[in-house]
């Protein structure tokens, strides 16, 4: 299996997933976050440039949208998601 296949497996939940539908802060090493309903992030720490702007602008992620990239912690102000573990 090549490196690209490993990355795809990790992003697709090879490490498992966590269903989140509350406003608590969730920590771990997440490879992607898929929104299961329209959702708004309240906090995000990870490898995303200007994530503070994304949070402060109150961007609504539509059901089915996915954020790819390493995330170390996040919280929702509304909605629900599946956070895929790395």
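In the working numbering, the protein residues as written are 251 to 336.
Note that the Cβ used here is the ideal one computed from N, Cα and C, for glycine as well.
Bear in mind the structure is a predicted one, so any value in this text is a computation, not a measurement.
For residue 325, DSSP records a beta bridge to 293. Contact between the region 274–284 and the region 299–306 is not established, with fewer than three Cβ pairs separated by less than 8 Å. Ranked by how close their Cα comes to the Cα of residue 286, the residues 329, 336, 334 have 329 in first place. Membership of residue 274 in any alpha helix (DSSP H) is not indicated, and neither H nor E is assigned to it by DSSP.
Counting along the chain, the unbroken beta strand (DSSP E) around residue 333 starts and ends at 331–335.
Counting along the chain, the unbroken alpha helix (DSSP H) around residue 303 starts and ends at 301–306.
For residue 334, the closest C-alpha among the options 289, 319, 326 is that of 319. Judged by beta-carbon spacing, residue 281 lies beyond the 8 Å limit of residue 311, meaning their Cβ atoms are not closer than that value.
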